[in-house]
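Visitor:
Residue numbers (my numbering): 917 to 985.
1. Using a 10 Å radius around the Cβ and a threshold of 16 neighbouring Cβ atoms, would you call residue 965 buried or exposed?
2. What is the DSSP secondary structure of residue 928, counted as helix, strand or coil?
3. Closer than 6 Å by C-beta to residue 936: which residues in its own chain qualify, once you throw out the five before and the five after it? Chain order, please.
4. Cutting at 8 Å between CB atoms, please list the residues of its own chain near residue 963, excluding the five before and the five after it.
5. Can you look up residue 962 in the DSSP assignment and give me helix, strand or coil?
6. Under the three-state reduction of DSSP, which class applies to residue 939: helix, strand or coil?
7. Have a look at residue 920 and residue 932 and give me their C-alpha separation to the nearest angstrom.
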């Protein structure tokens, strides 16, 4: 079972501010061992970041290993 965590970046209507806020949160989570899986922005100028818990296998990795055997 994989564990995920989502974080919402508050309203940031300017691209530079949004990018800086996302970069800051991604770096913070990375230091804690979380891996960014995907992100999206919303029409309301917010962003949703999805992280995967440390040391949880990724389905793609498992499938690739299975195919290699």
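In this text, a Cβ means the ideal position worked out from N, Cα and C, and glycines have one as well.
Guide: Let's see:
1. By the neighbour-count criterion, in which 16 or more other beta carbons inside 10 Å mark a residue as buried, residue 965 falls on the buried side.
2. In this structure, residue 928 counts as coil in the three-state DSSP scheme.
3. Hits under 6 Å: none found.
4. Excluding sequence neighbours, residue 963 sits near 924, 925, 928, 934, 937, 938, 955, 956, 957.
5. When DSSP states are grouped into helix, strand and coil, residue 962 belongs to the coil group.
6. Helix.
7. Whole-angstrom Cα-Cα distance: 27 Å.
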